[in-house]
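The structure under discussion appears below in the form of C-alpha cells.
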Amino acid sequence: FAALLARTEVGWEASDTDLDDVETLSDLTDLAREATTDDDTVLAYIEQEDTWFGIVRVDGEDDPRIYVSDAAAAARSSYGEMLLTDELLG
Numbered sequence: 022f023a024a025l026l027a028r029t030e031v032g033w034e035a036s037d038t039d040l041d042d043v044e045t046l047s048d049l050t051d052l053a054r055e056a057t058t059d060d061d062t063v064l065a066y067i068e069q070e071d072t073w074f075g076i077v078r079v080d081g082e083d084d085p086r087i088y089v090s091d092a093a094a095a096a097r098s099s100y101g102e103m104l105l106t107d108e109l110l111g
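Residue numbers for the sequence shown follow this note's numbering, beginning at 22 and rising by one.
Here is the structure:
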C-alpha cells in the first residue's frame, strides 16, 4: 500500500499512489513533488504486508526526510532497500 498526503491551502489531500515505476528514492521524491503545485510539504506513506512502514517527507526542493518503522524487516523488501539510505542507517 502506498499513499501521498499533500499539504494544500485548505488542508491535507490524500491519494493512493502506484509505485510500479518507482525504483529509487529519487523517483519517489519526484513523484511526491508532482503531487503539489507549490513547494508545499508532501508525505509519502509506504506500508508492506503489516510488517513495516515508511514515511518520506518532501519539502519543496529540500532533501527528503525518511522514517522507517522496522529497518530489519524493510531491508528484505525492494521498497525498504530504496528507503534505507546510508545516512538513515548511520
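Quick reminder that beta carbons are idealized off the backbone N, C-alpha and C, glycines included.
>> Let's see if you can read the secondary structure: which residues bound the beta strand (DSSP E) around ASP113?
In response: Residue 113 cannot be examined here, being either before or after the span of the chain that is shown, 22 to 111.
> Nearest to PHE74 by CA position, among PRO85, LEU110 and ALA95, is which residue?
Replying inline: Ranking PRO85, LEU110 and ALA95 by CA distance to the CA of PHE74 puts ALA95 first.
> Helix, strand or coil: which one does DSSP assign to THR50?
Replying inline: DSSP places THR50 in the helix class (H, G or I) of the three-state scheme.
> beta strand (DSSP E) containing ALA24: first to last residue?
Replying inline: 23–29
> In whole angstroms, what separates the C-alpha of ASP84 from that of LEU49?
Replying inline: About 12 Å.
>> Could you compute how far the alpha carbon of ARG54 sits from the alpha carbon of SER90?
In response: 23 Å
> Buried or exposed: THR45, going by 16 or more other Cβ atoms within 10 Å of its Cβ?
Replying inline: exposed
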